[in-house]
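Line order of the protein sequences matches chains A and B.
So the first sequence is residues 1057 to 1168, counted in my numbering.
So the second sequence is residues 313 to 431, counted in my numbering.
Notes follow once the structure below has been shown.
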Amino acid sequence: GQNIDQPTEMTATEGAIVQINCTYQTSGFNGLFWYQQHAGEAPTFLSYNVLDGLEEKGRFSSFLSRSKGYSYLLLKELQMKDSASYLCAVRAWDTGRRALTFGSGTRLQVQP
Amino acid sequence: GAVVSQHPSWVICKSGTSVKIECRSLDFQATTMFWYRQFPKQSLMLMATSNEGSKATYEQGVEKDKFLINHASLTLSTLTVTSAHPEDSSFYICSARVSPGTGTNEKLFFGSGTQLSVL
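Have a look at this one:
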């Protein structure tokens, strides 16, 4: 099976930088995804990592360390609209399903 | 990015009735679609994997006779909640896998979700 942990809630200030961590335990790791989800809406894709290192995409960056089972999502220049839940999801081949297993999500509140 | 259309967005029904939710891939063919369920302030939980032209694969604990999945074409998958009860009230989301090239960076694109409320 898979075990994914991320903080339940975080608060940050507009314009600041926030890092959301995700740790996972799985066999047959085949990629880690970050999704953003606003309340009552479907998740939207943010980033994908399958190799170690940092992937940067505008204000969002995602880092992966496969040996440590660790990833983080970095949000820069925070805006009020960034208030949402951020879901870490892992894909693994252990079941052959090629589906994603999601963490419980981190609810980020951006304050003025 | 790829567009996945899900209908209806919300539905209220009486206990004991059945509800059908449609999920369509609008600009690509989705050989595989996934159905997730999400309770308030909880994560997405995979219910089943739907493969075009074959029977769906259900996750442990999900009743296949209660949650009927049909994936008759490459662009449409449906989830029917049969004899719905209040405990079935939830946010249901479909997703389709897009596999460009070798599929190593395949992504999931989600429908907009369906909020089901069973009275």
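Glycine residues also receive a C-beta, built at the ideal position from the N, C-alpha and C atoms.
- Checking the DSSP bridge columns, you'll see L1156/A partnered with R1147/A.
- Under the Cβ distance rule, Q354/B counts among the residues neighbouring chain A, one pair being separated by less than 9 Å.
- With 16 or more neighbouring CB atoms inside 10 Å of its own CB, M345/B falls in the buried class.
- Looking at the DSSP output, K332/B bridges to T392/B.
- In the DSSP annotation of this structure, the continuous segment of the beta strand (DSSP E) that includes M359/B starts and ends at 357–363.
- Cβ neighbours of T1079/A within its own chain (closer than 6 Å, five residues either side excluded): D1061, G1125, Y1126.
- Q318/B is positioned such that its CB atom lies closer than 9 Å to that of I405/B.
- For I405/B, the residues of chain A that pass the 7 Å Cβ criterion are A1098, in the order they occur in the chain.
- Between Y1104/A and chain B, the shortest Cβ-Cβ separation is below 9 Å.
- Annotation for R1147/A: N1086, G1087, L1156 place their beta carbon closer than 6 Å to its own, counting only its chain and skipping 5 residues before and after.
- By the beta-carbon neighbour count (other beta carbons within 10 angstroms, threshold 16), G1161/A is buried.
- Looking at the DSSP output, G1109/A shares a beta bridge with L1120/A.
- Taking one beta carbon from each stretch, the stretch 1126–1145 of chain A and the stretch 1107–1116 of chain A have 3 or more pairs nearer than 8 Å; the two touch.
- Residue S389/B holds the alpha-carbon nearest to the alpha-carbon of G423/B among V331/B, S389/B, K378/B.
- Spatial neighbours of E1065/A in its own chain (CB-CB distance under 6 Å, excluding positions within 5 residues in sequence) are listed in chain order as R1163.
- For I1060/A, the enclosing beta strand (DSSP E) begins and ends at 1059–1061.
- In this structure H383/B is buried. Its beta-carbon is surrounded by 16 or more other beta-carbon atoms within 10 angstroms.
- Chain B has no Cβ within less than 9 Å of the Cβ of R1115/A.
- Counting the other Cβ atoms within 10 Å of the Cβ of M359/B gives 16 or more, which makes it buried.
- In the structure shown, K419/B falls within a strand segment according to DSSP collapsed to helix, strand and coil.
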